[in-house]
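Note that the UniProt record's numbering gives residue 218 to position 218 of the sequence shown, counting from 1, and the numbers run on in steps of one. For each residue, glycine too, the CB sits at the ideal point set by N, CA and C. In this text the structure is predicted, and so the values were computed from the model without any measurement.
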Amino acid sequence: MSMGMLQLQSDDKSGKLYIVGTGPGGAAWMTGRAAEAIREAEYVIGNAFYLEQIEALLEGKTVIRSSMGKEVERARRCIDLAREHRVAMVSGGDPGVYGMAGIVLEVLEGSDAAVEVEVVPGVTAACAGASLLGSPLTGDHVTLSLSDLLTPWEEIEHRLDCAFAMGVPVALYNPKSRGRPENLSCALAIALRHASPETPIGLVRNACREGEATSVTTLGALAADTSAVDMHTVVFVGGKETVPTKNGGMLTPRGYRRKYVY
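Structure, rendered in structure tokens:
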């Protein structure tokens, strides 16, 4: 199974599976290679929400739309089609960061299919959201999901405790939903064991797509009221060196000021 960037001849009709990261929003936020992979595909499969973001690239393709909770079914379908066709499985953000690459490769490992695969990276939500705030993830940082659908909450709590104990910035995915309204509050309570209530926190909702909104608050303020956060929000908890900026964003210095005078 090849994971590299392969040049395909236009008359090559063999099957291939592209697992494509579409980035945070529409086609403008995709890499050139991601758009090229979709153009090369005969079939495009993905969650209906992410397919809507790249509608302009889907003309002439056989499009198979799916919904949340159908990830394994989607993975099996794209593997079966890729035996003889060029198939693009699209995944919002980066397919290897809480995306479809892991699921597809796991299913493929358990099958008898000999399918050529190319994983095409994309801009993940943490990178997109950080860019809108300034530079909160400049150096070492941690990305954690608060979704306990596949990971026991006890394990998530342990990881949160370790992350906040390090004093580095932490980006929280899937912070809050109707099914798990208290997970964010629990995470912030853990953060308060290690960090000051004045620690800056950035909230980015719908990064790089319609409805985009950003704000900067503090750990103490957000712990007192999490109503501004939903599943479309990434929460950036500052590290021990993170500061709010003059333009209303966040910055985590990497240490140049200690080394250079400016």
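Using C-beta distances below 7 Å, list every residue in its chain close to residue i, excluding the 5 sequence neighbours before and after it, in chain order.
| i | result |
| --- | --- |
| A125 | P24, G93, Y173, A207 and V234 |
| E155 | none |
| residue 276 | The structure shown does not extend to residue 276, since the chain spans only 1 to 262, so no value can be given for it. |
| A165 | H194 |
| K70 | none |
| S145 | Y98, Y173 and N174 |
| A34 | V20, G21, T22, V120 and G122 |
Taking the C-alpha atoms as reference points, what is the distance between residue i and residue j?
| i | j | result |
| --- | --- | --- |
| A189 | E212 | 27 Å |
| V90 | G32 | 14 Å |
| R65 | A195 | 43 Å |
| I19 | T242 | 35 Å |
| E40 | G96 | 21 Å |
| M68 | Y50 | 11 Å |
| V204 | D230 | 10 Å |
| G255 | C127 | 20 Å |
| Q53 | H158 | 36 Å |
| G249 | P136 | 8 Å |
| residue 265 | G122 | The requested residue 265 does not occur in the structure, where the chain is confined to residues 1 to 262. |
| T217 | P197 | 10 Å |
| G102 | R180 | 24 Å |
| S185 | H232 | 16 Å |
Is residue i near residue j, with beta carbons less than 9 Å apart?
| i | j | result |
| --- | --- | --- |
| R193 | D225 | no |
| P253 | T143 | no |
| G134 | N47 | no |
| E42 | R76 | no |
| G26 | G129 | no |
| S131 | N183 | no |
| A191 | A221 | no |
| A163 | P175 | no |
| V44 | V72 | no |
| N15 | R74 | Checking the sequence shown, residue 15 turns out to be Gly, not Asn. Contact: no. |
Go through its chain and collect everything with a Cβ distance to residue i's Cβ below 8 Å, but skip five positions before and after it.
| i | result |
| --- | --- |
| I79 | L17, V104, V107, L108, S111, A113 and V115 |
| A37 | Y18, V20, A88, E118 and V120 |
Is the shortest distance between the beta-carbon of residue i and the beta-carbons of chain D less than 9 Å?
| i | result |
| --- | --- |
| H158 | Of the chains in the structure shown, none is chain D; there is only one protein chain. |
Since I believe residue j is in contact with residue i (beta carbons under 8 Å), could you give me their beta-carbon distance rounded to a whole number of angstroms?
| i | j | result |
| --- | --- | --- |
| G239 | P169 | 4 Å |
| T199 | L219 | 4 Å |
Residues in the same chain with beta-carbon distance under 6 Å from residue i, minus the five sequence neighbours each way, listed in chain order, please.
| i | result |
| --- | --- |
| M30 | T22 and G23 |
| R209 | G25 |
| V237 | V170, A191 and I201 |
| residue 284 | Lying outside 1 to 262, the shown extent of the chain, residue 284 is not represented and no answer is given. |
| L251 | G134, S135, V243 and T245 |
| S177 | M231 |
Which partner residues of residue i appear in the DSSP bridge assignment?
| i | result |
| --- | --- |
| I19 | M89 and V119 |
| S66 | N47 |
| Y98 | Answer by DSSP bridge pairing: none, since Y98 is not bridged. |
| A213 | R205 |
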